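Here is the structure we will look at.
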Amino acid sequence: MPQSPADRTAARTAIRDEATRLRALFEAAGAQVVDPPVLQPADTLLDLYGEDIRARAYVTSDAVRGEQMLRPDFTVPVVQMHMAHGAEPARYTYAGEVFRRQEDFPDRANEYFQTGYEVFDRTDPAAADAEVFALIREALGDLPLRAAMGDIGILTAAVDGLETTPARKAALRRHIWRPRRFRALLDRYAGRTPVPETRAALLASADPLADCAPLIGLRDRAEIAARIERLRDDAAAPPISENAVALLDAILSVRETLPFALDHLRDISVDLPAIAPAVERLAARVEALSARGIDIDTLEFEASYGRTSMEYYDGFVFGFYAEGRSDLPPVATGGRYDALTRVLGQGAEIPAVGGVIRPGLLLDLRAAP
Amino acid sequence: MTIKLGVPSKGRLMEKTFEWFAARGITLSRSASEREYAGAVDGIDNVELVLLSAGEIPRELAAGRIHLGVTGTDLVREKLGQWDQQVQELAELGFGHADLIIAVPAAWVDVDTLDDLDAAAAAFRARHGFRMRIATKYHRLVRDFLRHAGVADYALVDSQGATEGTVKFETAEAVADITSTGETLRANHLKLLQDGMILRSQATLFRSRAADMTEADRATLQQLCQMIGVD
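Keeping their order, the protein sequence lines are chains A and B.
With my numbering, you'll find the first sequence wraps up at 371, consecutive numbering, no jumps.
With my numbering, you'll find the second sequence wraps up at 215, consecutive numbering, no jumps.
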């Protein structure tokens, strides 16, 4: 760790230079340089991520503009900018600092550089996925890195393909990024966990609202009645079959090199045809990666990768990790976020994929013996 | 050098703390003038009494400006990140019991668990266009608890007092607050969630991990620990 003010300044300058060098690589690959502000309106981020973002991002405020956040990443402002003014197709690159609270990991940096590359292009999503992955890999140089990849789209397709009520599917889809709650819901819908006593009593009651306490607050009687109705419908619906749960578990446990994972998922899709289109999208991606000169035979695919940390990614996800350094965060991450463009696009949407590198980590790894 | 002991500067918490130490042979007393936040310690040498607001004691412990401090577990966990790296619990004092809980309107007959709260929050957001609001002053504790439980589509709104009233005034749909009895909840037509217990708090004696100590101070601390029955 650099100690003196001169050392610290030199280290920061080196990181900034590296961030700029990486950005120049992406610019040479055809990206337009963009430079979003550090301060972002808090409401957009809060609306997207909910309360969790407050645990991750720094919030500040003034009396005129209200709450602002120090940008926790560039993706959201770049998507907003593109959806407001961008011509299609578009490729963007940026380099700058992001800010993350690290209250649970005080040793981790709460302010660090990122250089990113984002592609908004509807012509060939598989090719765009491969383009981002290959460019990032190339920019990382010849460091010995382990690549991890997954595909949230396959899990989503599996949920959509379940033989159960739309309400249950929607609830499971909503919690794909919260594996614990997802599992609890699945167990409930499969009849593996008993119905809580309070709910059983509620469902047994002919008129649950008959002599309840005085109703206060904004949530009105109609909303309560509507939820009771949904609970009755749910209680009447047959459980999700053990077989279907086993198929979901089979998908979630896929973790092998890309060609084997693809075979495995194709086997599963025989019993669960709903995932076939998503599996074929993965196949097209594998081919596009191969065409880009990536050695797909050694790449690891993990179906549950990216479920906990990257809420806006909804398809292809990837990360690069330093071999033997599980103490370090990934040196680069990325993925597809089509749904984010829909949320921020006010009616418009465009397939989008991107990735970021942490130049500071890259320099540390290069300097390590 | 002396060991500085931080104690809440007023009210029942101060009196109970004085009684707790008195029962163990250490007499704490506030100086004659009620306005002066200074005190005296008898029964052990080289310990200095510092009277502080209970809410400031966690910060003073973390900064190492006091060696020991009495405050609620809730305050330590809310205010200090990685609290157990910064302070050590020496003894639970057996008073100042308070539970941090989540409560919803008692008329919500369809909501009894966090699972229900999450589902109701999703429907609420779809219907009203904003997230279900939970009023609290314990932002970190509540957020960590709900994240761990996988509850989504809620927003915390700050409430520094009269939190139980926020639902009636429609500035929040639910509350997360300290309750020593259920009476305030019932009077405000609220009920506990079955699995909505965030933290059971009580007055606790903490040791700062950051405060500087001389050899003599260590001896003093050891003697004090012996007197209060802490290994």
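Yeah, the Cβ is synthetic: ideal placement off N, Cα and C, and Gly gets one too.
Owing to the predicted nature of the structure, the values given are computational and were not obtained by experimental measurement.
I'd like to confirm the pairing. Which residues does DSSP put opposite residue i in its beta bridges?
| i | result |
| --- | --- |
| I359 (chain A) | A:T117, A:A334 |
| K(-12) (chain B) | B:E32 |
| P89 (chain B) | B:L174 |
| G68 (chain A) | A:D64 |
| V54 (chain B) | B:L189 |
| Y94 (chain A) | A:Q34, A:E120 |
| M181 (chain B) | B:I85 |
| D161 (chain B) | B:I85 |
| E76 (chain B) | B:T188 |
| G23 (chain B) | B:R14 |
| P43 (chain A) | A:Q70 |
| A354 (chain A) | A:F122 |
Between residue i and chain B, is there a C-beta pair that is closer than 7 Å?
| i | result |
| --- | --- |
| T22 (chain A) | no |
| G219 (chain A) | yes |
| P210 (chain A) | yes |
| G52 (chain A) | yes |
| I226 (chain A) | yes |
| E105 (chain A) | yes |
| R182 (chain A) | yes |
| T200 (chain A) | yes |
| I277 (chain A) | no |
| R229 (chain A) | yes |
| P168 (chain A) | no |
| P216 (chain A) | yes |
| A203 (chain A) | no |
| A206 (chain A) | no |
Contact check, residue i vs residue j under 8 Å by CB: the rounded distance?
| i | j | result |
| --- | --- | --- |
| I154 (chain A) | G317 (chain A) | 6 Å |
| I226 (chain A) | V93 (chain B) | 7 Å |
| F115 (chain A) | R360 (chain A) | 7 Å |
| H84 (chain A) | A92 (chain A) | 6 Å |
| A354 (chain A) | V121 (chain A) | 7 Å |
| I41 (chain B) | G(-10) (chain B) | 5 Å |
| L45 (chain B) | G53 (chain B) | 5 Å |
| V161 (chain A) | L147 (chain A) | 32 Å between Cβ atoms; not a contact. |
| L365 (chain A) | E20 (chain A) | 6 Å |
| L204 (chain A) | I230 (chain A) | 7 Å |
| G357 (chain A) | G88 (chain A) | Actually they are not in contact, since the Cβ atoms of G357 (chain A) and G88 (chain A) sit about 18 Å apart, beyond 8 Å. |
| V256 (chain A) | A248 (chain A) | About 13 Å separates the two Cβ atoms, so there is no contact after all. |
| A128 (chain A) | A286 (chain A) | 4 Å |
Of all the CB atoms in chain A, is at least one closer than 7 Å to the CB of residue i?
| i | result |
| --- | --- |
| V159 (chain B) | no |
| A90 (chain B) | yes |
| D94 (chain B) | yes |
| V71 (chain B) | no |
| A139 (chain B) | yes |
| R131 (chain B) | yes |
| G134 (chain B) | yes |
| E154 (chain B) | yes |
| T120 (chain B) | no |
| R14 (chain B) | no |
| G65 (chain B) | yes |
| V60 (chain B) | no |
| T225 (chain B) | Because chain B spans -15 through 215 in this model, residue 225 (chain B) falls outside it and cannot be assessed. |
| R127 (chain B) | yes |
| V214 (chain B) | no |
| H173 (chain B) | yes |
| V151 (chain B) | yes |
| F108 (chain B) | yes |
Are the stretch 196 to 212 of chain A and the stretch 273 to 292 of chain A in contact at 8 Å, needing three or more beta carbon pairs? no
Are three or more beta carbon pairs between the stretch 183 to 200 of chain B and the stretch 75 to 89 of chain B nearer than 8 Å? yes
Report yes or no: do three or more beta-carbon pairs, one from the stretch -4 to 13 of chain B and one from the stretch 137 to 153 of chain A, lie closer than 8 Å? no
How do the stretch 55 to 66 of chain B and the stretch 85 to 104 of chain B stand: do at least 3 beta-carbon pairs fall below 8 Å, yes or no? no
Which runs of the beta strand (DSSP E) at least 3 residues long sit entirely within the stretch 100 to 163 of chain A? Give them in chain order. 113 to 122, 147 to 153
Within the chosen definition, does the stretch 176 to 183 of chain A reach the stretch 283 to 299 of chain A through at least 3 CB pairs nearer than 8 Å? no
If we require 3 or more residues per run, which beta strand (DSSP E) segments fall completely within the stretch 273 to 328 of chain A? 302 to 304, 318 to 324
Should the stretch 131 to 140 of chain A be regarded as contacting the stretch 285 to 294 of chain A, the criterion being three or more beta carbon pairs within less than 8 Å? yes
Secondary structure, beta strand (DSSP E): runs of 3+ residues fully inside the stretch 109 to 157 of chain B: 116 to 120, 138 to 142
Are the stretch 203 to 211 of chain B and the stretch 116 to 131 of chain B touching by the rule of at least three beta carbon pairs closer than 8 Å? no
Count the C-beta pairs between the stretch 183 to 202 of chain A and the stretch 89 to 106 of chain B that are closer than 8 Å, then say yes if the count reaches three, no if not. yes
Tell me whether the stretch 131 to 142 of chain B and the stretch 105 to 121 of chain B touch, counting them as touching only if at least three CB pairs, one residue from each stretch, are closer than 8 Å. yes
3 or more residues per run - each beta strand (DSSP E) lying fully within the stretch 206 to 271 of chain A: 257 to 259
Between the stretch 63 to 82 of chain A and the stretch 34 to 48 of chain A, do three or more beta carbon pairs fall short of 8 Å? yes
Can you confirm whether the stretch 234 to 253 of chain A touches the stretch 191 to 204 of chain A when touching is taken to mean that 3 or more C-beta pairs between the two stretches lie within less than 8 Å? yes
So within the stretch 157 to 202 of chain A, which uninterrupted alpha helix (DSSP H) runs reach at least 4 residues, ignoring any that extend past its ends? 168 to 176, 181 to 191
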